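Chains as they are written, first to last, in the working numbering: chain A, 161 to 454; chain R, 140 to 323. Below is one structure, written out as structure tokens; the observations come after it.
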Amino acid sequence: MPEIGTMRVKSGLAEMLKGGVIMDVTDAEQARIAEDAGAVSVMALERVPADIRRDGGVARMADPDKIREIQEAVTIPVMAKARIGHFVEAQILEALEVDYIDESEVLTPADTAHHIDKWKFTVPFVCGCTNLGEALRRIAEGAAMIRTKGEAGTGDIVNAVTHMRAVFGHIRKLQTLREEELYAEAKELRAPFELVKWVAENGKLPVVTFTAGGIATPADAALCMQLGADGVFVGSGIFKSSDPSTRAKAIVEATTHFEDAHVLARVSQGLGDAMAGLSAADLRPEELLETRGW
Amino acid sequence: MKIGVLAVQGNVREHAAMLRRLGADVVEVRKPEQLDGLDGLVVPGGESTTFMRLMRLYGLDEALRSFAGPVLGTCAGMIVLDREHLGMIDLEVDRNAYGRQVASFEADLRLRGDDEPLRGVFIRAPRVREAGPDVEVLAEHEGEPVLLRQGRFLVASFHPELTEDTRVHELFLDAVREAISVRA
Numbered sequence: 161m162p163e164i165g166t167m168r169v170k171s172g173l174a175e176m177l178k179g180g181v182i183m184d185v186t187d188a189e190q191a192r193i194a195e196d197a198g199a200v201s202v203m204a205l206e207r208v209p210a211d212i213r214r215d216g217g218v219a220r221m222a223d224p225d226k227i228r229e230i231q232e233a234v235t236i237p238v239m240a241k242a243r244i245g246h247f248v249e250a251q252i253l254e255a256l257e258v259d260y261i262d263e264s265e266v267l268t269p270a271d272t273a274h275h276i277d278k279w280k281f282t283v284p285f286v287c288g289c290t291n292l293g294e295a296l297r298r299i300a301e302g303a304a305m306i307r308t309k310g311e312a313g314t315g316d317i318v319n320a321v322t323h324m325r326a327v328f329g330h331i332r333k334l335q336t337l338r339e340e341e342l343y344a345e346a347k348e349l350r351a352p353f354e355l356v357k358w359v360a361e362n363g364k365l366p367v368v369t370f371t372a373g374g375i376a377t378p379a380d381a382a383l384c385m386q387l388g389a390d391g392v393f394v395g396s397g398i399f400k401s402s403d404p405s406t407r408a409k410a411i412v413e414a415t416t417h418f419e420d421a422h423v424l425a426r427v428s429q430g431l432g433d434a435m436a437g438l439s440a441a442d443l444r445p446e447e448l449l450e451t452r453g454w
Numbered sequence: 140m141k142i143g144v145l146a147v148q149g150n151v152r153e154h155a156a157m158l159r160r161l162g163a164d165v166v167e168v169r170k171p172e173q174l175d176g177l178d179g180l181v182v183p184g185g186e187s188t189t190f191m192r193l194m195r196l197y198g199l200d201e202a203l204r205s206f207a208g209p210v211l212g213t214c215a216g217m218i219v220l221d222r223e224h225l226g227m228i229d230l231e232v233d234r235n236a237y238g239r240q241v242a243s244f245e246a247d248l249r250l251r252g253d254d255e256p257l258r259g260v261f262i263r264a265p266r267v268r269e270a271g272p273d274v275e276v277l278a279e280h281e282g283e284p285v286l287l288r289q290g291r292f293l294v295a296s297f298h299p300e301l302t303e304d305t306r307v308h309e310l311f312l313d314a315v316r317e318a319i320s321v322r323a
């Protein structure tokens, strides 16, 4: 008998997206631009993070009409965001047959203590993290893909780099510990021992790990890839720039040829203006999105 | 034995790991010149629209057409090799033919001439609509072909690289060895 919704099937889709770019889009036209540029998937949104930041108010799951419009426009997988802990938004997104749900700190959290129990769903989830403990707690809850967080909507790569270094650096540290030391480490990480042990033995997270937040240029994407990301999410960086199609193509090419500086030099030329952006260091603590999630 | 894995995007790592386990040297292929001197090539799963765009940019589509060794294509790899894309294998394939991700599944398959079931992982999988007369079917799922061979081409609509079972890769490497011995 065929089995649906197994962890292998859920994490398997993320495996196929590796080395690719997932782009935030707000309508069918943007979705087609993303697909033509070589995006491996699109994230269907009501507003890109830079606009959520500017407009304020409560940010929620996108309108189902919007999601359907985007699903009809492209053949690549379509993802959509649910608020942290808002399992009913997730149920609705599953009914709409989105291909992945992003339980995302970019939307206003619906629960200040609990994330969604992702094991209950057939559709897979991707979740954000700023450190290894947070990544492993999300995986324990059933996340089939992880993205390290940056500070979404800023066009500033610094926080994405900080969190990738935190996660990948901590994994390397785990590999140097003796087995009996992993118990204390698991307590410190607030993560299940079995997962901590698996990571120590395998030197990576058990699911595909992308990075997100603040990517605005081909060089930013290649930087994330060289630091160890399996692929990148680009939010405001494309459709807040002066020439989205050209920039989208350049970021896709940079993600494939991330180790070839000659290619990176060529694709970085003639892109027009990048999104203006905000310096993440200038944001007040209450303005940060990345600290949401527990 | 030097095997290339097309690495413009997709599930390169698991194919590479499995090929190394079976004793092959693995080269990641992002540009045409990286096909030189390869004994075989794997076109992995991923997004076929992304593959085609990145291949055309660097002339990899033409380079692949003139590659003469055995080729294994899985999922998107099968799509890329079909009549409508590179035209290297005599198949018509429908993309995402089982539906969206919620319909992705795994199931036991029976390899021709082998009693041991093979676990097939199907992710937004393609379906073969039509196969030419020279195509042989090596495995089926619910009466439809999912593993096929045409001469030096072996294609699967599922992902043998996502399980620990090495039989599909061994079948491919057997063909590579045979091609090397014919050449010698």
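Every residue, glycine too, gets a C-beta built ideally from N, C-alpha and C. Note that the coordinates shown come from a computational prediction; the quantities given were computed from them, not determined experimentally.
Could you tell me which whole beta strand (DSSP E) segments of length 3 or greater appear in the region 219 to 264 of chain R? 230 to 233, 244 to 250 and 257 to 261
Candidates R:F261, R:P272 and R:F292: closest to E279 (chain R) by CA position: For the purposes of this step, residue 279 (chain R) is taken as the residue at position 140 of the second sequence. When only C-alpha atoms are compared, the closest one is R:F261.
With 16 other CB atoms within 10 Å as the buried threshold, where does G180 (chain A) fall? What you label residue 180 (chain A) is simply residue 20 of the first sequence in a count that begins at 1. That one is buried.
Quick check: L329 (chain R) and V307 (chain R), are their CB atoms within less than 8 Å of each other? Beyond the ends of chain R as shown, which are 140 and 323, falls residue 329 (chain R); an answer cannot be given.
Would you mind sorting E283 (chain R) into buried or exposed? The rule is 16 or more other CB atoms within 10 Å of its CB. Numbered from 1 along the second sequence, position 144 holds the residue referred to as residue 283 (chain R). Counting Cβ neighbours within 10 Å, E283 (chain R) comes out exposed, since fewer than 16 surround it.
Range covered by the beta strand (DSSP E) that runs through M140 (chain R): In the second sequence, counting from the first residue as 1, residue 140 (chain R) sits at position 1. Looking at the DSSP string, M140 (chain R) is not in any beta strand (DSSP E), and its letter there is neither H nor E.
Less than 6 Å between C-beta atoms, sequence neighbours within five positions excluded: which residues of the same chain meet that for W279 (chain A)? Position 119 of the first sequence, counting from 1, holds the residue named residue 279 (chain A). For W279 (chain A), where only same-chain residues beyond five positions count, the Cβ hits under 6 Å are G302.
Using a Cβ cut-off of 8 Å (strictly closer), state whether H330 (chain A) contacts chain R. In the first sequence, the residue the question calls residue 330 (chain A) occupies position 170. By this cut-off, H330 (chain A) is not an interface position.
Quick check: the Cα distance between D277 (chain A) and F247 (chain A), rounded to an integer number of angstroms? The sequence position of residue 277 (chain A) within the first sequence is 117, counting from 1. The sequence position of residue 247 (chain A) within the first sequence is 87, counting from 1. Their Cα atoms are separated by approximately 8 Å.
DSSP-derived helix/strand/coil call for C214 (chain R): The residue given as residue 214 (chain R) occupies position 75 in the second sequence. It is coil, neither helix nor strand.
Chain-ordered neighbours of V267 (chain R) on chain A, where CB pairs are closer than 9 Å: Numbered from its first residue, the second sequence carries residue 267 (chain R) at position 128. Result: empty, since nearest Cβ-Cβ is about 17 Å, beyond 9 Å.
What does T166 (chain A) reach in chain R if we use C-beta pairs closer than 7 Å? For the purposes of this step, residue 166 (chain A) is taken as residue 6 along the first sequence, with counting starting at 1. The contacting residues are E245.
Within chain A, the residues that H298 (chain R) reaches when beta carbons sit closer than 7 Å: Within the second sequence, the letter at position 159 stands for residue 298 (chain R). Within 7 Å Cβ-Cβ: G172.
Extent of the continuous beta strand (DSSP E) run through S264 (chain A): If you number the first sequence from 1, residue 264 (chain A) lands on position 104. Taken as a continuous stretch (DSSP letters only), the beta strand (DSSP E) holding S264 (chain A) covers Y260 to S264.
Cβ closer than 8 Å: which chain R residues qualify as neighbours of K178 (chain A)? For the purposes of this step, residue 178 (chain A) is taken as the residue at position 18 of the first sequence. Correct list: Q148, G149, N150, V151, R152 and G185.
Nearest by alpha-carbon distance to I236 (chain A): which of A:V185, A:E413 and A:T336 is it? Translated into positions along the first sequence, residue 236 (chain A) becomes position 76. Nearest C-alpha to I236 (chain A): A:V185.
So which residues on chain A does A236 (chain R) lean against when the C-beta distance must stay under 8 Å? Position 97 of the second sequence, counting from 1, holds the residue named residue 236 (chain R). Within chain A, no residue comes near A236 (chain R); the closest Cβ sits about 11 Å away, beyond 8 Å.
Go ahead and pull the three-state DSSP assignment for I236 (chain A). Mapped onto the first sequence, residue 236 (chain A) falls at position 76. Three-state DSSP puts I236 (chain A) in coil, outside helix and strand.
Under 8 Å, do I261 (chain A) and L253 (chain A) count as touching if we go by C-beta distance? The sequence position of residue 261 (chain A) within the first sequence is 101, counting from 1. The sequence position of residue 253 (chain A) within the first sequence is 93, counting from 1. In contact: I261 (chain A) and L253 (chain A) (Cβ atoms closer than 8 Å).
Where P209 (chain R) and D254 (chain R) are concerned, what is the direct C-alpha to C-alpha distance, given to the nearest angstrom? The count along the second sequence starts at 1 and reaches residue 209 (chain R) at position 70. The count along the second sequence starts at 1 and reaches residue 254 (chain R) at position 115. Each residue's alpha carbon lies about 26 Å from the other.
Is the number of C-beta pairs between the region 143 to 159 of chain R and the region 427 to 436 of chain A that are closer than 8 Å three or more? no
State the DSSP-derived secondary structure class of G179 (chain R), mapped to helix, strand or coil. What you label residue 179 (chain R) is simply residue 40 of the second sequence in a count that begins at 1. Strand at G179 (chain R).
Looking at the structure shown, is D277 (chain A) part of a helix, part of a strand, or coil, going by DSSP? Here the question's residue 277 (chain A) lines up with position 117 in the first sequence. Coil at D277 (chain A), not helix or strand.
Could you pull the start and end residues of the alpha helix (DSSP H) that I319 (chain R) belongs to? Locating residue 319 (chain R) in the second sequence gives position 180, where the first residue counts as 1. Element bounds for I319 (chain R): R306 to R322.
Using a Cβ cut-off of 7 Å, pull out every chain A residue sitting near I262 (chain R), in sequence order please. Translated into the one-based positions of the second sequence, residue 262 (chain R) becomes position 123. Within chain A, the residues near I262 (chain R) are V169, G172, L173 and M176.
Where the beta strand (DSSP E) through E195 (chain A) begins and ends: Position 35 of the first sequence, counted from the first residue, corresponds to residue 195 (chain A). Not the beta strand (DSSP E): E195 (chain A) falls in the alpha helix (DSSP H), residues A188 to A197.
Exposed or buried, F370 (chain A), counting other C-beta atoms within 10 Å across all chains shown (16 or more means buried)? Translated into the one-based positions of the first sequence, residue 370 (chain A) becomes position 210. Buried is the call here.
A167 (chain R) lies in the beta strand (DSSP E); which residues open and close that run? Position 28 of the second sequence holds residue 167 (chain R). At residue 167 (chain R) the sequence reads Glu, which differs from the Ala that was named. D164 to V168 is the span of the beta strand (DSSP E), which, as asked, contains E167 (chain R).
Can you have a look at E249 (chain A) and say buried or exposed, based on whether 16 or more other CB atoms are within 10 angstroms of its CB? For the purposes of this step, residue 249 (chain A) is taken as residue 89 along the first sequence, with counting starting at 1. So E249 (chain A) counts as buried.
Please go through the same chain and pick out, in chain order, the residues whose beta-carbon is closer than 8 Å to the beta-carbon of V266 (chain A), but skip the five residues on each side of it. Position 106 of the first sequence holds residue 266 (chain A). Closer than 8 Å at Cβ, skipping near neighbours: P209, I212, A219, K241, A312, G313, G395 and L449.
Would you list the one or two residues that DSSP bridges to T308 (chain A)? Here residue 308 (chain A) corresponds to residue number 148 of the first sequence, with the count starting at 1. Note: T308 (chain A) sits in a beta bridge opposite A:C289 and A:T371.
For F393 (chain A), which beta-bridge partners are listed by DSSP? Residue 393 (chain A) sits at position 233 when you count from the first residue of the first sequence. The partner list for F393 (chain A) (beta bridge, DSSP) reads A:I182.
Distance check for A194 (chain A) and L383 (chain A), CA to CA, integer angstroms please. Within the first sequence, numbered from 1, the residue matching residue 383 (chain A) stands at position 223. Within the first sequence, numbered from 1, the residue matching residue 194 (chain A) stands at position 34. One C-alpha to the other measures close to 21 Å.
Under 7 Å from the C-beta of T416 (chain A): neighbouring residues of chain R: Against the first sequence, residue 416 (chain A) aligns to sequence position 256. By Cβ distance, chain R contributes V147, Q148, R169 and L193.
Is the region 322 to 339 of chain A touching the region 392 to 411 of chain A in the sense that three or more CB pairs, one from each, lie closer than 8 Å? no
For chain A, check one thing: does any of its Cβ atoms lie closer than 8 Å to the Cβ of L286 (chain R)? To locate residue 286 (chain R), count along the second sequence from 1; it is residue 147. Judged by the 8 Å Cβ criterion, L286 (chain R) is not in contact with chain A.
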